[in-house]
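Engineer:
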Amino acid sequence: MALAEKYQTSITGLPFAQARIERPLTERPNPELLNEKLSRSSTKVMLISELGTASTGTELFFIDGPSYASRDGERQVYLGSCDSTDYVLAIVASDQYSHLNIQRWISLREAFAILPELQTELIVEAQAISNWIRTERFCPQCGSEVRASTFGWGQRCVENEHELFPRTDPAIIASVIDQQDRILLGANANFRSDMYSVLAGFVEAGESLESAVRREIFEESGVHVGEVAYRGSQPWPLPRSLMLGFAAEALSEDLTPDGAEIKDLRWFSRDELRDALESGTIEIPRGVSIAHALIRSWYGESLPEALNK
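Numbering-wise (this note's numbering), the sequence shown opens with residue 556 and increments by one.
#1: Between V783 and A805, how many whole angstroms is the CB-CB distance? I'm expecting something under 8 Å.
#2: Give me the residue from D619, Y562 and A742 with the minimum Cα distance to E816.
#3: Using DSSP's beta-bridge definition, name the partner residues of S730.
#4: When we look at the beta-carbon of S639 and count the other beta-carbons within 10 Å, is it buried (16 or more) or exposed?
#5: Is the beta carbon of V713 less than 8 Å from the beta carbon of S699?
#6: For W660, report the span of its beta strand (DSSP E) as first-last.
#7: Below 6 Å CB to CB, which residues in the same chain sit around E808 once its five sequence neighbours on both sides are set aside?
#8: Less than 8 Å separating the beta-carbons of S610 and F616?
#9: Which residues does DSSP pair with A815 in a beta bridge?
#10: Please classify P579 as buried or exposed, where buried requires at least 16 neighbouring CB atoms within 10 angstroms.
#11: Excluding sequence positions up to five away, which residues of its chain have a Cβ less than 6 Å from the Cβ of E680?
#12: Would I646 pass as a contact of R630 if the rule is Cβ separation under 8 Å?
#13: Could you name the residues of the same chain whose beta carbon sits closer than 7 Å to that of F801, not counting the 5 residues immediately before and after it, in chain order?
#14: Could you say which of V753, R689 and S636 lies nearest to L828 if we only look at CA atoms?
#15: I566 to L589, Cα distance in whole Å?
#16: Is the beta carbon of T723 closer than 8 Å to that of E571?
#17: Give the secondary structure of N585 by DSSP, where H, G and I count as helix, E and B as strand, and everything else as coil.
#18: Looking at the strands, I want to know which residues DSSP matches up with F693.
#19: If you run the structure through DSSP and keep just helix, strand and coil, what is V780?
#20: For P790, count the other beta carbons within 10 Å of its own beta carbon; 16 or more makes it buried, fewer makes it exposed. Which is it?
#21: Take every Cβ of the stretch 647-666, pair it with every Cβ of the stretch 594-606, and state whether three or more of those distances are shorter than 8 Å.
#22: Taking all protein chains shown into account, decide if R737 is buried (16 or more other Cβ within 10 angstroms of its Cβ) or exposed.
#23: Roughly how many angstroms lie between the CA atoms of A861 and A624, to the nearest whole one?
#24: Determine the closest residue to K818 out of R825, G777 and E587, with distance taken between C-alpha atoms.
#25: Specify the secondary structure class of F746 as computed by DSSP and reduced to three states.
#26: Would you give the residue range spanned by the alpha helix (DSSP H) that S834 belongs to?
#27: Go to S594, then tell me how far its beta strand (DSSP E) extends in each direction, as first and last residue.
#28: Here's the rule I'm using: 16 or more other beta-carbon atoms within 10 Å means buried, otherwise exposed. How should Q573 be labelled?
#29: If I follow the unbroken beta strand (DSSP E) through Y642, where does it start and stop?
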């Protein structure tokens, strides 16, 4: 069966890809929108600081709209609405909120493990926009400071009115399948020694997604890729990536790790992967990552855990 036929459908239920949050229409700026939303008791304000996102320990920590009072230097972004509740992000300094019952400030990776689905989608959106606001502080044309516009989703130069919008960096990630229906997994130099995953990389300027898959796979493994089938996408704000998932047909099997980013490569049949996971010889990405979803889709069922845990 041709790869495109076998993987012709997208992976369903990818985390952060379900669009539960109805986002604002940034092409129709309303300067009063944020104030209007913050005046309503149905609005919830979430806080991101230099330490992470405010939480109760098991969920996000929210302030009701009318109870939120902006401090000097804070920025607000209207994140959107869901089930008649509006959500606003406040980018804050943690020491200004020590009087509140914030259990702890959690990282994005911690949030993936503890938050309910809607809140996970919220934190991904909030982290992505806050990363951009914190790094894009000056106008690229004249170097002047910028101020917020379009309810937080844009920034405008204070001198020449040049408007900036968030950047997203597209990256491909692919399950490479050979003629024996084996999957290619690699150990990244930045992973712990027993962690193996599918290969990924950024799309370069002037490059199609399919070309990026073929180039990245060959650069990292020496494997030539033929047919490529799209499987789904997932925002990954570390710091501002959009992961675009594919299944790719391997035209060759000899493996040559690039020696810099990839330190080891292996082909796995389903039996070999099951045995390696159950024995604890290797680990693979778990949880919400699109890497896990791609591997699980090829495997055909839930992936086993180590038996000696």
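Every residue, glycine too, gets a C-beta built ideally from N, C-alpha and C.
Structural biologist: Taking the coordinates as given:
#1: Here the question's residue 783 lines up with position 228 in the sequence shown. Here the question's residue 805 lines up with position 250 in the sequence shown. With a Cβ gap of about 11 Å, V783 and A805 do not count as contacting.
#2: What you label residue 816 is simply residue 261 of the sequence shown in a count that begins at 1. Among D619, Y562 and A742, the Cα nearest to that of E816 is on A742.
#3: Taking the sequence shown and counting its residues from 1, the one referred to as residue 730 is at position 175. For S730, the beta-bridge partners assigned by DSSP are A802.
#4: What you label residue 639 is simply residue 84 of the sequence shown in a count that begins at 1. Exposed: under 16 other Cβ atoms inside 10 Å.
#5: Within the sequence shown, the letter at position 158 stands for residue 713. Within the sequence shown, the letter at position 144 stands for residue 699. Taking the C-beta atoms as reference points, S699 is found nearer than 8 Å to V713.
#6: What you label residue 660 is simply residue 105 of the sequence shown in a count that begins at 1. If you look at W660, you'll find it in the beta strand (DSSP E) that goes R659 to I661.
#7: In the sequence shown, counting from the first residue as 1, residue 808 sits at position 253. For E808, where only same-chain residues beyond five positions count, the Cβ hits under 6 Å are D733.
#8: Position 55 of the sequence shown holds residue 610. Position 61 of the sequence shown holds residue 616. Yes. Within cutoff.
#9: Reading the sequence shown from its first residue, position 260 is the one you call residue 815. BP columns for A815 are empty, so no partner.
#10: Residue 579 sits at position 24 when you count from the first residue of the sequence shown. So P579 ends up on the buried side.
#11: The residue you call residue 680 lines up with position 125 of the sequence shown. Exclusion of the five residues before and after E680 leaves L634 as the residues of its chain whose Cβ lies within less than 6 Å of its Cβ.
#12: The residue given as residue 646 occupies position 91 in the sequence shown. The residue given as residue 630 occupies position 75 in the sequence shown. With respect to the 8 Å criterion, I646 and R630 are classified as neighbours on the basis of their beta carbons.
#13: In the sequence shown, residue 801 corresponds to position 246, counting from 1. Correct list, in chain order: I727, A729, V768, V783, A784, Y785 and R786.
#14: The count along the sequence shown starts at 1 and reaches residue 828 at position 273. Taking only the C-alpha atoms, the option nearest L828 is V753.
#15: The count along the sequence shown starts at 1 and reaches residue 566 at position 11. The count along the sequence shown starts at 1 and reaches residue 589 at position 34. Put simply, the backbone Cα of I566 is about 36 Å away from that of L589.
#16: Looking up residue 571 in the sequence shown gives position 16. Looking up residue 723 in the sequence shown gives position 168. Per the sequence shown, residue 571 should be read as Phe rather than Glu. No, Cβ-Cβ distance for F571 and T723 is not below 8 Å.
#17: Numbered from its first residue, the sequence shown carries residue 585 at position 30. In the structure shown, N585 sits in coil (DSSP, three-state: anything other than H, G, I, E or B).
#18: Position 138 of the sequence shown, counting from 1, holds the residue named residue 693. DSSP, once it has assigned bridges, lists E700 as partnering F693.
#19: Counting from one through the sequence shown, the residue named residue 780 turns up at place 225. Three-state DSSP puts V780 in a strand.
#20: The residue labelled residue 790 in the question sits at position 235 within the sequence shown. Counting C-beta atoms within 10 angstroms of its own C-beta, P790 has 16 or more neighbours from the protein chains shown and is therefore classed as buried.
#21: Touching, yes, given that three or more Cβ pairs across the two stretches are closer than 8 Å.
#22: Here residue 737 refers to the residue found at position 182 when the sequence shown is read from its first residue. By the beta-carbon neighbour count (other beta carbons within 10 angstroms, threshold 16), R737 is buried.
#23: The residue given as residue 861 occupies position 306 in the sequence shown. The residue given as residue 624 occupies position 69 in the sequence shown. The straight-line gap from Cα to Cα measures roughly 49 Å.
#24: Counting from one through the sequence shown, the residue named residue 818 turns up at place 263. For the residues R825, G777 and E587, the minimum Cα distance to K818 belongs to G777.
#25: Along the sequence shown, one-based indexing puts residue 746 at 191. If DSSP states are grouped into helix, strand and coil, F746 belongs with coil.
#26: The residue labelled residue 834 in the question sits at position 279 within the sequence shown. Going by DSSP, S834 is part of the alpha helix (DSSP H) stretching over R825 to S834.
#27: Here residue 594 refers to the residue found at position 39 of the sequence shown. Unbroken run through S594: none, as it is neither H nor E.
#28: For this step, residue 573 is matched to residue 18 along the sequence shown. Around the beta carbon of Q573, fewer than 16 other beta carbons lie within 10 angstroms, which makes this residue exposed.
#29: Taking the first residue of the sequence shown as 1, we reach residue 642 at position 87. Bounds of the beta strand (DSSP E) holding Y642 are T640 to I646.
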